[in-house]
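Chains as they are written, first to last, in my numbering: chain W, 5 to 345; chain P, 5 to 345.
There are 2 protein chains.
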Amino acid sequence: MAASIKEVAQRAGVSLGTVSNVLNRPDIVSPQTRTRVLEAIEELGFVRNDSARQLRAGRSRTVAIVVLDVSNPFFTDVVRGAEAVVEGAGGMVVVCNSGGDSAREHRHLDVLEEQRVQGILVTPVSDGKQPRLDRMAKRGIPVVLVDRGAGLANQCSVAVDDVLGGRIAAQHLAERGHKRIAFVGGPTSLRQVADRLAGAQAALSEQGLAAPLVVETPVLSVSAGRQAADEVVALPAARRPTAIFCANDLVALGVLQALTAHGLRVPDDIALVGYDDIEFAAGAAVPLSSVRQPREQLGRTAAQLLLEESTDGEHHEHRHVVFQPELAVRESSAKKRRGTR
Amino acid sequence: MAASIKEVAQRAGVSLGTVSNVLNRPDIVSPQTRTRVLEAIEELGFVRNDSARQLRAGRSRTVAIVVLDVSNPFFTDVVRGAEAVVEGAGGMVVVCNSGGDSAREHRHLDVLEEQRVQGILVTPVSDGKQPRLDRMAKRGIPVVLVDRGAGLANQCSVAVDDVLGGRIAAQHLAERGHKRIAFVGGPTSLRQVADRLAGAQAALSEQGLAAPLVVETPVLSVSAGRQAADEVVALPAARRPTAIFCANDLVALGVLQALTAHGLRVPDDIALVGYDDIEFAAGAAVPLSSVRQPREQLGRTAAQLLLEESTDGEHHEHRHVVFQPELAVRESSAKKRRGTR
DNA sequence: CTTCGAACATGAAACGTTTCATGCGACGGA
DNA sequence: TCCGTCGCATGAAACGTTTCATGTTCGAAG
């Protein structure tokens, strides 16, 4: 069905090698032959067979990114960043979705390995050691870890400093004059949640403030946030926090809704800071202050590291890049707290 | 670097063809030879070269999906649906992101064609005729259009009936006793918006109700919704609608925020229905009624049509499947309007 | 003891490229 | 006139599989 180089050669009345030259080094073939070949290609609707090309060449121009969840805006932004870099370098990105399922991740990696992709950006499902990935690294397939396992020896990695993020948020609230601050989010078994909490605790203790009241939620969702806020509201006024730092914007939105429903005003009665700066944070009823991660940047850098490693080959020095989050200050934490308490 | 079948054969002391048999039809090779080969594979860390396999076999087990926007939950759900079906059939899905950019779409399709993928699910950037896609169809690459161009002759397609969606929403509000209903959304040059509006208009006219007040927005966003709601609120009470149907949930959320800010209660003063049933619709301050599209189903069906076409080959009858949206009724439109006016 | 078939294993051909050493004119300089 | 070069085209080899017609061996049936 599909025409091959051979048929093109025949039709153009040239040899097979010449057609290949037209395709790959058009400058070394005479203009007239070239146009003749190009015409033949056009007429036959010839499309290069990438399998054959790759088989011969040994290398591919495809970079894969295996994400935990295609529907998570964090990853989609990372993907966009990676695309920008890879396409800029003439390559192509394919996105694979592990969906947090270890078996699917495994299957994806298998296939990608068989495809001999140029390299893989991956946020592995499990956080620990990765013999699988080590093996690939050893085999010469560049792997860059995204938002995971900074510090492993066999791969480059990019990540965002969640401890710092928690610190920034808490510091901001402290500067605004808040003394009783709560942390809402969970489960703390998630590294991200634990880090953000740790950062907040550290910042508060440095400022000489009391440790935050921690309201742990089972998941990071709007409704979990609402329930947690109900608990907070139920506290006697004297012990009620004047500010809440949420582990994530979904939780923060839930908290915001519940507070509003109870007649408490944000930020006057209780200030609020979220995390992730999702699209809805700025669009919330009270625009939400939120810790922003440089998501596209993360993807761009990951892709750059990958391409570097791909070029360097053998003697590549693995690097671990850690980005700093920053705070987007909006109305939910805008005002200075007047007076003490 | 990477071991080949030949080396495996050598190490296992068998012929090259036998190794291939172990890989592809393990049953026809004796257990002892098989284990010997498998051991060799293990020891050498052999990984099949898919390029060679595909070159020889001529066909691929990869299905591509080219989406308009990876960060749009609509598409990510479609992707998940397609993945379920394709992986169930032993294939693999790769996701490509055109980002609404025609040139990128083109490049993606080029590459996919070169890769000889099994088929392509695509929501083309431009809505009209697609000589490009026709060409692929002619060449025998199955293409299924997603949410576009139902009615074109050369491809299968799946879509959701937006006219019906608009109709359902308006009907629901009419049943709740609303007489003055507004439509907020735009630009109406978007087919989706126009269809939803048309459906709403049809339903209202059938019910003998006045045509809806149309507040056109420049885009479908939260802030556009807020602005539109400001306009509505500014109307004299006698002309103010008692219900608003929004072209999309983002707009509806904006409207909800603005109404609340103006002291109007939802649904008591004004009822609200959105479209898309995004995750935040149920989690909004007032849980939002919304027209839900069967997004995963869309992806599943698209993938099924693709696989069918792939199997049928020549004499395949293109099909156009249109799904019906349904209304998720929540608090924002829950109550019956008491009395007339 | 021969013959047949079953059960496996074998090796060469083919898939469509890219690459590279080689061929072939023509042209300019000695 | 001859040689060296330059510019371009050529064709065969190689990439790693799968497939298929062809061996080979062994045991059972005649």
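Every residue, glycine too, gets a C-beta built ideally from N, C-alpha and C.
Backbone CA spacing between residue i and residue j [nearest angstrom]
| i | j | result |
| --- | --- | --- |
| C250/P | G317/P | 43 Å |
| T305/W | S55/W | 29 Å |
| R180/P | A275/P | 9 Å |
| G104/P | E118/P | 22 Å |
| G144/W | R63/W | 11 Å |
| L260/P | R334/P | 14 Å |
| A157/W | Q134/W | 11 Å |
| T22/W | N28/W | 10 Å |
| A174/P | N252/P | 14 Å |
| E210/P | A204/P | 10 Å |
| L311/P | P216/P | 43 Å |
| Q196/W | A93/W | 32 Å |
| A286/W | G229/P | 14 Å |
Residue i (DSSP reduced to helix, strand or coil)
| i | result |
| --- | --- |
| F78/P | helix |
| P237/P | Here residue 237/P turns out to be Val, not Pro, going by the sequence shown. Here V237/P sits in helix by DSSP. |
| L116/P | helix |
| V223/W | coil |
| L217/P | strand |
| T344/P | Here T344/P scores only 45 on pLDDT, less than 50, and its place in the model is too uncertain to base an answer on. |
| V90/P | helix |
| V270/P | coil |
| I176/W | Position check: residue 176/W holds His in this sequence, whereas Ile was assumed. The answer is helix: DSSP assigns H176/W an H, G or I state. |
| T264/W | helix |
| R229/P | Reading the sequence as shown, one finds Gly at residue 229/P and not Arg. The answer is helix: DSSP assigns G229/P an H, G or I state. |
| G181/W | coil |
| L59/W | helix |
| L208/W | helix |
| V33/W | coil |
| P291/W | coil |
| S314/P | helix |
| N25/P | helix |
| L194/P | coil |
| D105/W | coil |
| G144/P | coil |
Beta-ladder partner(s) of residue i, from DSSP
| i | result |
| --- | --- |
| F249/W | F187/W and V277/W |
| N158/P | N158/P is not bridged to any residue. |
| I69/P | V99/P and L125/P |
| R296/W | E330/W |
| H320/P | Looking at the DSSP assignment, H320/P forms no beta bridge with any residue, so it has no partner. |
| V325/P | V162/P |
| V150/W | V162/W |
Beta-carbon spacing of residue i, residue j below 8 Å
| i | j | result |
| --- | --- | --- |
| V360/P | S102/P | The structure shown has nothing for residue 360/P, since chain P only spans 5 to 345. |
| V164/P | D151/P | yes |
| R15/W | E47/W | yes |
| A332/P | R299/P | no |
| I69/W | A88/W | no |
| A233/P | G267/P | no |
| T221/P | G190/P | yes |
| E13/P | G49/P | The sequence shown places Ala at residue 13/P, rather than the Glu named in the question. Result no, Cβ atoms of A13/P and G49/P do not sit closer than 8 Å. |
| V270/P | S293/P | no |
| Q308/W | F327/W | no |
| V218/W | L254/W | no |
| V129/W | V148/W | no |
| S337/P | L177/P | yes |
| I2/W | A247/W | Look at the range of chain W in this structure, 5 to 345, and you will see that residue 2/W is not part of it. |
Outcome for residue i when other beta-carbon atoms lying within 10 angstroms are tallied against a minimum of 16
| i | result |
| --- | --- |
| L224/W | buried |
| N53/P | buried |
| A289/W | buried |
| D199/W | buried |
| T344/P | Residue confidence for T344/P is low, a pLDDT of 45 falling below 50, so the modelled location carries little weight; the figure read from the coordinates is stated next. Per the 10 Å Cβ criterion, exposed. |
| H182/W | buried |
| T39/P | exposed |
| K340/W | exposed |
| A262/W | buried |
| Q159/P | buried |
| P329/P | buried |
| I282/P | buried |
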